[in-house]
Every structure is written in structure tokens, then in C-alpha cells.
Amino acid sequence: MNYQPFLAMSPFPPIMDSLLRWHPDPLAFALKACAVLATIVGLSCWTLNKRLYPSTAPPIVEIESSEMFNNPKVAYALALRNSKGIVGVRRKGRLEYIVDRSFTHQVLTDDSKFSFELGTLSSEIATRLDEAMAAVVPIFQSNVDDLVNDLPLGSALTPVDFEAFVHRTMASAMIQLILGKDYLSADNIKRVENIAVEVATLGGIFQNMSWFSRTFPSVWRIAIWIRVFLYSIPINFILGIGREVYHQLGQIDSYDKEGRGRGESDGGTAFTWARRYVDHRQGQIGVLDRFWILTVVLGMIFASVHQTAVVMIWMAFELAKRPEDVQRIREEMEREGLSMRYASLRRFEFLDSFIREVMRTKGDTLSTVRMTTMDVPLGEYVIPSGSFVVPLATQSHESEFYHGENARDFVGDRWVGQEKPSSMLSTSYWPFGLGRWACPGRTLAVAEIKVLMLLLLQRTEFALEGGDYKVVDPLTVTSVAPEGTLLLQRCV
């Protein structure tokens with residue numbers, strides 16, 4: 017081939033002449049290219065590391081994965097013990113800054129420096145508690161009746177699938193509350209159960225459950241995102257409930273003062289809340305706002321179904337282990353009656369104390385996360401902007417400084433007479449978060465837990481097969497229920 021035209025146009029003829037006549041060995045060329053690429057990547061990572069982790073940042077400590085996932089309370093406590101209240105730890109490929117109880121209040125309440133997201137629809141529900149209870153109590157009663165009526169008569173304790181029961185009950189109750197009774201159907205209940213599990217999976221709640229997901233977190237996350245967004249959400253939400261909700265949102269106009277779609281008998285809380293998005297120039301909710309509302313509804317389904325169901329399982333298992341506390345709750349039932357109105361439920365002081373103690377002692381570790389919005393001075397360090405900061409919950413919930421010498425013991429009546437209901441949060445107790453971003457639906461969740469426990473105690477005796485349960489994932493007990501078999505005996 018004649019290279020002269022190329023050489024004539026080149027500003028560096030000798031160099032171009034050498035390149036055009038070069039015929040490298042393919043294998044040798046590939047190896048050299050890989051070496052150059054590895055050098056570039058290594059230098060880039062080193063430079064990035066220097067930029068992201070300046071000398072003012074807290075020290076980074078390596079924790080063995082077996083200790084992190086199997087015994088997180090001890091592992092993280094030991095890491096903090098040798099630091100100055102803050103330590104960086106890599107978990108599932110992500111750097112997190114863990115802080116002890118001395119920084120918990122600042123991290124969780126300083127909104128100008130530590131950010132999170134606020135669930136607006138939960139606030140709508142929390143302000144209408146009596147209406148909410150009127151909507152969900154009949155469903156709880158009906159489901160408990162069905163569960164008890166399926167138990168054999170006699171003195172035998174019978175195993176039940178309590179996890180499936182509470183998920184089904186919460187799915188039914190939240191459909192009624194959020195979307196309205198017209199959406200209650202067997203298919204929609206099953207879809208909501210599936211959605212709750214899939215959103216939990218998407219959030220990484222079950223990521224600690226397998227070796228593969230812990231070892232290859234990035235690959236696992238990509239696979240889960242593909243599965244959830246391309247299959248699970250389209251099948252269970254977009255093509256089902258989501259499509260129906262989208263069309264009903266389009267029927268809400270500026271004259272619909274009850275937030276109901278035309279022809280609908282009960283629009284549910286979501287539709288009442290959605291009225292604030294009506295564009296009064298067009299007289300209806302815009303397309304983009306409808307999609308935003310669908311996203312909020314999807315998040316609410318997860319928060320209200322999965323999270324509350326997990327706490328209900330913890331509650332039932334702890335009650336089954338403590339017959340003496342069950343007896344005290346039954347005495348309260350005889351004294352207070354069984355009115356399921358919110359004001360009446362507040363009078364069950366021992367039951368509320370028991371719930372608070374379950375929430376405090378179940379073993380929360382890294383349950384609440386914030387992200388820095390700027391470089392934040394914290395103690396003797398500076399946390400870089402965009403970093404995840406996680407208070408270690410056990411440093412507060414099991415602190416002898418806050419709870420006395422028996423802080424690690426379960427004491428059912430610890431909070432009786434203390435004027436500290438289970439939904440009241442502080443630096444020493446924050447299973448629902450703390451500050452502006454604390455769970456706004458916590459009061460409703462506690463009321464629902466009380467209703468279910470009272471209905472079950474009214475008609476059954478509790479026991480646990482083997483007398484105990486197993487904590488499946490110590491690192492995420494907030495969202496992963498313990499394993500165990502609940503035994504129920506029919507009383508009435």
C-alpha cells in the first residue's frame with residue numbers, strides 16, 4: 017500500500033511512517049495494552065481515594081464479613097471503641113460512617129447538613145387516625161376470625177403460618193385505607209403482598225441472606241433492579257393496581273371536594289391527598305403529577321405492609337415467650353374493655369410498654385441512615401459531602417447511661433408510668449428514626465399492632481414451637497422478621 021499521501025498530510029512524518037509500518041504481535045500488544053490500562057486505573061483510583069478520603073476524615077476500619085453479618089452489635093461496638101466516636105466501615109461495597117450515641121442527635125436532627133426523604137402520604141394518614149382505625153379494624157377482626165375458625169377445637173396447640181397471615185392482613189388493611197374498598201380483591205391483595213416484598217428486595221433488605229449477594233453486591237443489585245423494574249413492578253403494579261389508580265386520579269377535578277373519582281364510592285386516603293396536585297387551570301391532575309403520586313403510593317405500600325408486618329411478628333413471638341406478660345395484658349383487657357378506637361387503645365399502658373420494649377431490644381443496629389449535604393465537622397473529624405452516616409442504634413437502645421444497669425434485659429413494664437408511649441422518640445429510643453424525618457406513620461403502626469395483639473389474645477393462647485425463635489439477619493432485624501413457628505390454641 018502506498019503510504020505517501022498519508023505522510024504528506026501528517027505534521028509528524030517520521031512518527032506516522034513508523035506507525036503505518038508497525039505490525040505488532042496481537043498477544044503482546046494486548047498484554048501491553050492491559051498493563052497500561054491497569055496503570056491508568058490504579059493511578060486514577062489512588063487520586064480519587066486521596067480526594068474522597070482526606071486526612072481529616074475518620075479512620076476506615078475493616079470488619080470481617082462473617083462478624084459484620086452474624087454479630088454486628090459486637091463488631092461495630094468494637095470498631096467504635098478504638099475510635100473517637102466515628103469510624104468508616106465498608107459494607108456491601110459502600111463506605112458508611114458509623115457514629116456512637118454522642119453524635120446520634122446531631123446526625124438525625126440537623127436537617128441542614130444531613131438529608132433524607134419525607135413520606136408525605138404517611139402524614140396525611142397520621143392526621144386522620146380515628147378514620148384510619150375505623151377503616152382497618154374491621155379487616156383485622158375478619159382476618160383474625162378466619163384464622164381462629166380454621167383452628168381445631170380442643171386443647172391442642174396448632175402451628176400457623178403467621179408471617180403469611182400478617183402480610184395478608186396488612187395488605188388488605190392498607191388497600192382499604194390508602195386506595196379505598198373498591199380496590200379490595202383477592203388479586204389486588206396478592207399483588208400488594210408481592211409489591212411489598214419486591215420493594216424490600218430492591219432496597220437491599222434481603223441482601224444479607226445469601227453468600228452471593230454479600231460477596232458480589234454490585235452484580236446482585238444490577239440483577240435485582242432488572243428483575244424488579246422490568247418484571248415485578250410492571251406485572252404487579254403498573255398493569256394492575258397502578259393502571260386503575262392512574263385512571264381514577266385523572267377523574268379527580270377541582271370540584272371534587274372529597275377527593276373521589278367520579279362514580280367512586282370511596283376514594284381512599286391517597287385520593288384525598290392527591291387533590292393538592294389538581295392544576296386548577298386545567299381542572300385536573302397532570303400526567304407527571306399522577307406518576308409522582310403512583311410512586312408515593314408504591315413507597316407507602318412497602319412501608320405500611322412489610323415494615324409493620326415484621327414488627328407484628330417480633331411482637332407475637334416475644335409475647336409467646338412471656339406468658340406472665342400475656343396475663344398482664346389480659347388483665348388490662350378486662351379493665352379497659354375492647355373498644356378499638358384510638359383513644360381507647362392509648363389506655364393500654366402495659367401493652368404499650370411491652371411494644372416499646374420489643375422495639376428497643378430486638379437488636380436494631382444500622383437502621384437509620386443520613387447523607388451529608390456538605391463537608392460536615394463531627395467531633396474531631398470532617399465527614400466528606402455525599403457520605404452516608406449511620407448511628408449505631410444499639411449504642412442508644414442498650415446504653416446503661418440511658419436505661420440503667422439492666423439496659424440489655426427485656427423488662428415488659430419498664431415504661432409503665434413513665435409517660436413515654438412506644439411512638440415517642442428520643443436520643444435514647446429511635447426505632448422509627450428521629451427528628452424531622454422520623455416515620456410519620458408510627459402512631460398508626462403502633463395502633464395496628466395493638467389491635468392485632470388484642471384480637472388474638474381475646475381468642476387464642478400463644479406458644480412458640482421449641483420455645484424460641486431464630487434471628488435470621490442480625491444486621492437488618494428492623495426489616496427482616498425472625499424465623500419461628502407460632503402455635504395457637506383456640507379459646508373462644
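Count the sequence shown with the working numbering and you get residues 17 to 508, in order. Beta carbons: idealized from backbone N, C-alpha and C, even for Gly.
Alpha carbon to alpha carbon, how far is residue 233 from residue 404? Give it in angstroms, no decimals. Translated into the one-based positions of the sequence shown, residue 404 becomes position 388. Translated into the one-based positions of the sequence shown, residue 233 becomes position 217. Roughly 17 Å separates the two Cα atoms.
Just list the residues that DSSP pairs residue 112 with in beta bridges. Taking the first residue of the sequence shown as position 1, residue 112 is located at position 96. Answer by DSSP bridge pairing, in chain order: 105 and 404.
Using the three-state DSSP reduction, which class does residue 122 fall into: helix, strand or coil? Counting from one through the sequence shown, the residue named residue 122 turns up at place 106. Collapsing the DSSP output to three states places residue 122 in a helix.
Roughly how many angstroms separate the alpha carbons of residue 217 and residue 346, rounded to a whole number? Taking the first residue of the sequence shown as 1, we reach residue 217 at position 201. Taking the first residue of the sequence shown as 1, we reach residue 346 at position 330. Using only the alpha carbons, I get a separation of about 37 Å.
In angstroms, rounded to a whole number, what distance separates the CA positions of residue 487 and residue 299? Within the sequence shown, residue 487 is the residue found at index 471, counting from 1. Within the sequence shown, residue 299 is the residue found at index 283, counting from 1. In this structure, the straight-line span from the alpha carbon of residue 487 to that of residue 299 is close to 52 Å.
Taking just the CA atoms, how far does residue 199 sit from residue 273? The sequence position of residue 273 within the sequence shown is 257, counting from 1. The sequence position of residue 199 within the sequence shown is 183, counting from 1. Note on residue 273: pLDDT 48, under 50, position unreliable in the model; the coordinate value appears next. C-alpha separation (whole angstroms): 21 Å.
Beta-carbon within less than 6 Å of residue 436's beta-carbon, same chain only, minus the 5 sequence neighbours each way: which residues are those? On the sequence shown, position 420 is the one that residue 436 refers to. The same chain holds no residue with a CB closer than 6 Å to that of residue 436 once the five nearest residues on each side in sequence are set aside.
In this structure, does DSSP put residue 144 in helix, strand or coil? Here residue 144 refers to the residue found at position 128 when the sequence shown is read from its first residue. Coil, per DSSP.
N- and C-terminal bounds of the beta strand (DSSP E) containing residue 176: Numbered from 1 along the sequence shown, position 160 holds the residue referred to as residue 176. DSSP places residue 176 inside the beta strand (DSSP E), whose first and last residues are 174 to 176.
Just checking, does the region 306 to 324 make contact with the region 478 to 493 on the three C-beta pairs under 8 Å criterion? Contact between the region 306 to 324 and the region 478 to 493 is absent: fewer than three C-beta pairs spanning the two stretches fall below 8 Å.
Let's test the definition: count the other Cβ atoms within 10 Å of the Cβ of residue 289 and tell me whether it reaches 16, buried, or not, exposed. Counting from 1 along the sequence shown, the entry for residue 289 is found at position 273. Buried is the call here.
When the distance is taken between beta carbons, is residue 188 closer than 7 Å to residue 155? For the purposes of this step, residue 155 is identified with residue 139 of the sequence shown, where counting begins at 1. For the purposes of this step, residue 188 is identified with residue 172 of the sequence shown, where counting begins at 1. Against a cut-off of 7 Å, the Cβ pair of residue 188 and residue 155 comes out as a contact.
Skipping 5 residues on each side, what residues in its chain have a beta carbon closer than 7 Å to that of residue 72? Along the sequence shown, one-based indexing puts residue 72 at 56. For residue 72, where only same-chain residues beyond five positions count, the Cβ hits under 7 Å are 397 and 398.
Determine, using beta carbons only, whether residue 492 and residue 88 come nearer to each other than 7 Å. The residue given as residue 492 occupies position 476 in the sequence shown. The residue given as residue 88 occupies position 72 in the sequence shown. No.
Ordered along the chain, which non-local residues of its own chain (more than five positions away) have a Cβ less than 7 Å from that of residue 454? As a working mapping, residue 454 is identified with position 438 in the sequence shown. Closer than 7 Å at Cβ, skipping near neighbours: 441 and 448.
Starting from the Cα of residue 106, find the closest Cα among 75, 426 and 100 and give me that residue. Here residue 106 corresponds to residue number 90 of the sequence shown, with the count starting at 1. Considering only 75, 426 and 100, the residue with the shortest C-alpha distance to residue 106 is 75.
Whole-angstrom C-beta distance between residue 464 and residue 329, which should lie under 8 Å: What you label residue 329 is simply residue 313 of the sequence shown in a count that begins at 1. What you label residue 464 is simply residue 448 of the sequence shown in a count that begins at 1. Between residue 329 and residue 464 the beta-carbon gap is near 13 Å, outside 8 Å, which marks them as no contact.
Grab me the residues of residue 84's own chain with a C-beta within less than 6 Å of its C-beta, minus the 5 sequence neighbours each way, in chain order. On the sequence shown, residue 84 is found 68 positions in, with the first residue counted as 1. So the list reads 91, once near-sequence residues are dropped.
Label residue 296 either buried or exposed according to how many other C-beta atoms from any shown protein chain fall within 10 Å of its C-beta, with 16 as the threshold for buried. Mapped onto the sequence shown, residue 296 falls at position 280. Exposure of residue 296 is indicated by the presence of fewer than 16 other C-beta atoms within 10 angstroms of its C-beta.
Do residue 377 and residue 426 have their C-beta atoms within less than 7 Å of each other? Indexing the sequence shown from 1 puts residue 377 at position 361. Indexing the sequence shown from 1 puts residue 426 at position 410. Yes; because the gap between Cβ atoms is below 7 Å, this pair is in contact.
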